[in-house]
Structures are given as C-alpha cells and as structure tokens.
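Asker: According to this note's numbering, the sequence shown is numbered sequentially starting from 151.
Note that the Cβ used here is the ideal one computed from N, Cα and C, for glycine as well.
All values derive from a computational prediction rather than experimental measurement.
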Amino acid sequence: MQPNRSLDAFRASTRRPSDFDGFWNEAHRDLDLVPDAVFVERSSLRSSDTIDVFEVRFSSIGGARVFGWLARGREARSRRPGLVIFPGYGGSPGIPRAWAKVGFVALQISPRGHHLSDDRIAPGFPGLMTSGIDEPRDYVYRGVYCDAWRAVDVLAGRDDVDRDRVGVTGGSQGGALAMIAAAGRTPVAAVAADVPFLTAIRDALSLGNSYPYEEVKDYLRVQPERRQAVLTTLDYIDTVNFADRVRASALLSVGLRDDICPPQTAYALFNALTCPKDIRVYAEGAHEGGGYTHAVAKEAWLRETLGATSDNP
Numbered sequence: 151m152q153p154n155r156s157l158d159a160f161r162a163s164t165r166r167p168s169d170f171d172g173f174w175n176e177a178h179r180d181l182d183l184v185p186d187a188v189f190v191e192r193s194s195l196r197s198s199d200t201i202d203v204f205e206v207r208f209s210s211i212g213g214a215r216v217f218g219w220l221a222r223g224r225e226a227r228s229r230r231p232g233l234v235i236f237p238g239y240g241g242s243p244g245i246p247r248a249w250a251k252v253g254f255v256a257l258q259i260s261p262r263g264h265h266l267s268d269d270r271i272a273p274g275f276p277g278l279m280t281s282g283i284d285e286p287r288d289y290v291y292r293g294v295y296c297d298a299w300r301a302v303d304v305l306a307g308r309d310d311v312d313r314d315r316v317g318v319t320g321g322s323q324g325g326a327l328a329m330i331a332a333a334g335r336t337p338v339a340a341v342a343a344d345v346p347f348l349t350a351i352r353d354a355l356s357l358g359n360s361y362p363y364e365e366v367k368d369y370l371r372v373q374p375e376r377r378q379a380v381l382t383t384l385d386y387i388d389t390v391n392f393a394d395r396v397r398a399s400a401l402l403s404v405g406l407r408d409d410i411c412p413p414q415t416a417y418a419l420f421n422a423l424t425c426p427k428d429i430r431v432y433a434e435g436a437h438e439g440g441g442y443t444h445a446v447a448k449e450a451w452l453r454e455t456l457g458a459t460s461d462n463p
C-alpha cells in the first residue's frame, strides 16, 4: 500500500448524528450523578523499594465498578505528571511500573466488561462489540467511554498529580479510549493513540476482515434488517466525531499492513484533528504498528510533552 497521497487526503464516511452533542452531554450528566467512590489500597506484594503499587477501584454509570493498577515512584516528593493507560479489546490491566520508573503517576484501568471490571457487565469476547448495539443509549461503549472519562478525573484529582500535566495512551481499543479521554471535559495535555480502534468504523467494516470489527458483520448476517440502526449507533462512538473536541497535543501511530484497524482509518482520525498533532507511519507494521521502535519513541514524546523526569521527583 502506498503511504502518501491517498492516505493523507482520506476522509471518513462516518456520519455525525444530529443529536451527537446532546447525547454525550447527557452521558456526562449521568456520570456526574454517580459518586466516584474511589477505593485505593497499597499492594505490598507488588510494590518494591522504589515503586509503590496500588489497587484502585471507582464507580461509573450503570453500576459499574472499574478496576485499575496505579504505580508511582516511592521517593516522589512533589506533584508529578499523570498518565492513564487503556487496554486493547479483551485485554487485562497490567501494572504500569515502567511508566512510574520514568517519572509518571500511572494508572492502568480495565473498563467495564474487561478482567476485574466484569462483575456486573460481562458480555465476553467476542460479545462486547455488539452488546446493546441496537440502541445508542444501551450500547456498552457509552459506558466504556464514561469509564475512561472518570479514570482521568480520578487520576487528575490525586494530590500527587499535577493536573495540568495529565496524559492518556493506549493501543487499538486503548488508542480509541485515549482519544475519547482527551475529548472529555477534564483537560488532558497529551494523547498518544496507537493503531486506534473504533475509528472511521463504517470504512473499517468494508476495508478489513478481522475481529473485533467482524463481530459487527457476524451480527448483521443474522439480523440484516438492523443494519442502519447498528451503523447509527456506531456513529455515536466513532472517534472521528470527537476529533474537534481534542485540544491536547496528539501523537498517533499506524501500521500500513494493519488488517484489524486499517491504516485509512487512523489517517481519517489524524486528518480530522485540529490540535497539534503528529503521526508515525510504519510501512511494514501490521496491528502491532511500530512495535518496540514506536514504544521507545512514544515514551520519549510523552516524557518531553508532559515534563516527566525519573531523577528529579
């Protein structure tokens, strides 16, 4: 695939529902009505001489209790930049020690339906992608996006975090959630979204043949009469429709051989963003994007953008 002109000019076929802003303003109001009920407990088993690790739980809409791991340098004596890390589809939350070692107070969460946040909401994998998809207000990702916004609120509200230096990151589904988090009401200074899922979804459904998008096509093979309703629901959660809300500095990555999140879709998001932005392109990369090479570049970018230092707490 040629990496240049056609991708640089690609625009999503995503449609913006007429009540898009009202729909998400209502979701924010619903979230505001739910006390965050934050629980934080240090894990002595997982902590070390240099890194403190905490189990975190908080509440979100629909009765969800969201789990996460928080890590921070033990010797930090002043406020540090914060970083929320979101998982891929079906992923489990790791302990973000590596981010704590380079100067962040880092929170890695597991949104509803994922491991340790699935007590009440557990459609499974496959299953999550189409859970409630017939009706936008019932769709599971309405709640997942609220989980992402609340995670930013929880981290930014900590006494050890500089709320003016909060970043968000993730890959695939995590890349989408990072972008959504950056489009929320709590200011975010930096967003690093790798091979973002839930982006230019109408195009992704026609360009690729891999799961999780294939879950939608499986669903429509059984219920073809639901096609328009399903596509409308997906328009509400498409990251492209949130692009004009992002004010943070943004770094995206794309693999030109990605069949799960086709490269055109990442470019559609990049082209729609109006914030300071950069995209790293990996010509031979598939869904891993730039792999380790990009992981190193992303860490350097986040540290520079947010002013993280491991030797000066």
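Closest to V294 by C-alpha separation, out of V316, G334, R315, G317, would be which residue?
Answerer: Comparing Cα-Cα distances from V294 to each of V316, G334, R315, G317, the minimum goes to G334.
Asker: Let's see if you can read the secondary structure: which residues bound the beta strand (DSSP E) around F347?
Answerer: Counting along the chain, F347 falls outside any beta strand (DSSP E), and DSSP gives it neither H nor E.
Asker: Kindly indicate which three-state DSSP category D312 falls into: helix, strand or coil?
Answerer: DSSP places D312 in strand when its eight states are reduced to three.
Asker: Taking 8 Å as the threshold, find out whether the stretch 234–241 comes into contact with the stretch 441–458 through three or more Cβ pairs.
Answerer: Verdict: no, contact absent.
Asker: Quick one: what does DSSP say I410 is sitting in, helix, strand or coil?
Answerer: Three-state result, I410: coil.
Asker: Roughly how many angstroms lie between the CA atoms of T336 and R313, to the nearest whole one?
Answerer: Their backbone Cα atoms lie some 9 Å apart in a straight line.
Asker: Taking the straight line between their C-alpha atoms, what separation do you get for P237 and Q258?
Answerer: Going from the Cα of P237 to the Cα of Q258 covers about 8 Å.
Asker: Helix or strand or just coil, what does DSSP make of V446?
Answerer: The answer is helix: DSSP assigns V446 an H, G or I state.
Asker: Quick check: what's the CA-CA separation for F347 versus F189?
Answerer: One C-alpha to the other measures close to 30 Å.
Asker: Could you check what DSSP says for V290 in three-state terms: helix, strand or coil?
Answerer: Helix, per DSSP.
Asker: Since W219 sits in a beta bridge, which residues does DSSP pair it with?
Answerer: The partner list for W219 (beta bridge, DSSP) reads E205, Q258.
Asker: What does the Cβ neighbour count give for A393, buried or exposed, with the cut at 16 atoms within 10 Å?
Answerer: So A393 counts as buried.
Asker: Beta-carbon within less than 7 Å of P153's beta-carbon, same chain only, minus the 5 sequence neighbours each way: which residues are those?
Answerer: Here the model assigns P153 a pLDDT of 45, short of 50, so the residue's position is not dependable, and the following value carries that caveat. If we look at P153 and ignore the five residues flanking it on each side, its Cβ neighbours are L406, V431, A433.
Asker: For V194, does the count of other Cβ atoms within 10 angstroms reach 16, so buried, or fall short, so exposed?
Answerer: Val is not the amino acid found at residue 194; the sequence shown has Ser there. With fewer than 16 Cβ atoms within 10 Å of its Cβ, S194 is classed as exposed.
Asker: Report yes if the CB atom of A536 is closer than 8 Å to the CB atom of V234, and no otherwise.
Answerer: Limits of the chain in this structure are 151 at one end and 463 at the other, which puts residue 536 out of reach.
Asker: Determine whether the beta carbon atoms of V534 and D297 lie at a separation below 8 Å.
Answerer: Limits of the chain in this structure are 151 at one end and 463 at the other, which puts residue 534 out of reach.
Asker: Is V396 helix, strand or coil by DSSP?
Answerer: In this structure, V396 counts as coil in the three-state DSSP scheme.
Asker: Do you know whose CA, among L266, T383, G321, lies nearest Y442's CA?
Answerer: For the residues L266, T383, G321, the minimum Cα distance to Y442 belongs to G321.
Asker: Could you give the DSSP three-state label for D428: helix, strand or coil?
Answerer: Strand at D428.
Asker: What does the alpha-carbon distance come out to for the pair H437 and G223?
Answerer: Their backbone Cα atoms lie some 32 Å apart in a straight line.
Asker: With a CB to CB cut of under 6 Å and the five nearest residues on each side skipped, what residues in its chain are close to T455?
Answerer: If we look at T455 and ignore the five residues flanking it on each side, its Cβ neighbours are A340, S399.
Asker: Below 8 Å between beta carbons: does that hold for P226 and V203?
Answerer: Here residue 226 is Ala; the residue named in the question, Pro, does not match the sequence. No.
Asker: Kindly indicate which three-state DSSP category M151 falls into: helix, strand or coil?
Answerer: Here M151 scores only 38 on pLDDT, less than 50, and its place in the model should not be relied on; the value that follows carries that caveat. The answer is coil: DSSP assigns M151 none of H, G, I, E or B.
Asker: Leaving aside the five residues before and after V311 along the sequence, list all residues of the same chain whose C-beta is less than 7 Å from its C-beta, in chain order.
Answerer: Cβ neighbours of V311 beyond the five flanking positions: R229, R230, G232, V255, L305.
Asker: Check the C-beta distance from P389 over to T349 and give it rounded, since I have them as a contact under 8 Å.
Answerer: The question names Pro, but residue 389 is Thr in the sequence shown. Indeed they touch by this definition, with Cβ atoms about 5 Å apart.
Asker: To the nearest angstrom, how far is it from the Cα of N391 to the Cα of L423?
Answerer: Whole-angstrom Cα-Cα distance: 10 Å.
Asker: Does the beta-carbon distance from Y417 to F170 come in below 8 Å?
Answerer: Not in contact: Y417 and F170 (Cβ atoms no closer than 8 Å).
Asker: Determine the DSSP secondary structure at P463, reduced to helix, strand or coil.
Answerer: Only weak support is given to the placement of P463: the predicted model assigns it a pLDDT of 44, under 50, and the question is left unresolved by the model.
Asker: Decide if P413 is buried, meaning its Cβ has at least 16 other Cβ atoms within 10 Å, or exposed.
Answerer: Buried.
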